[in-house]
Amino acid sequence: MNHAIELLLSANGDLLYRVSKYDRHSQYQHEIEEMKRTFDTFAGLPWSIESEKTKKRAIEQLSRMKSRLVTMLEDLLYIA
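The sequence shown lines up with residues 85 to 164 when you count with my numbering.
Here you go:
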């Protein structure tokens, strides 16, 4: 389960970077800032000592975040 979290954190970090670079007109600025705060919180947690229930919730939230970031990136690239 830790591996899944690590993969999602890596993918979301990359997507957050790309979305923030492509969002030249600050269309998603507030949403990106909120996601960055959430991402930083998850990235700073010691996953080796967290409970399985916490890990499952984190995976669910990171998966939703990844889906939203992909949608935002698609929208930004379509507009460009």
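The beta carbon of each residue, even a glycine, is placed where N, CA and C say it ideally should be.
Problem set entry | Coil, strand or helix - Leu91 by DSSP | Here the question's residue 91 lines up with position 7 in the sequence shown. In the structure shown, Leu91 sits in a helix (DSSP, three-state: H, G or I).
Exercise. Closest to Met149 by CA distance: which of Gln111, Asn86, Thr138, Arg121 is it?
Worked result: Locating residue 149 in the sequence shown gives position 65, where the first residue counts as 1. Looking at the Cα atoms, Arg121 is the closest of the given residues.
Exercise. Under a three-way DSSP split, which group does Met149 fall into?
Worked result: Reading the sequence shown from its first residue, position 65 is the one you call residue 149. Looking at Met149 - three-state DSSP - the assignment turns out to be helix.
Exercise. What is the DSSP secondary structure of Ser135, counted as helix, strand or coil?
Worked result: Translated into positions along the sequence shown, residue 135 becomes position 51. Three-state DSSP puts Ser135 in coil, outside helix and strand.
For this session: Specify whether the segment 130-140 and the segment 102-116 touch according to this definition: at least 3 beta carbon pairs, one from each stretch, less than 8 Å apart.
Result: no
For this session: Ignore the nearest five residues each way along the sequence and tell me which others in Val103's own chain have a CB closer than 8 Å to its CB.
Result: Residue mapping note: residue 103 aligns to position 19 of the sequence shown, counting from 1. Same-chain partners within the cutoff: Tyr112, Ile116, Leu153, Met156, Leu157, Leu160.
Exercise. Does the separation of the CB atoms of Ile143 and Ala95 fall below 8 Å?
Worked result: Position 59 of the sequence shown, counting from 1, holds the residue named residue 143. Position 11 of the sequence shown, counting from 1, holds the residue named residue 95. Contact flag unset, no.
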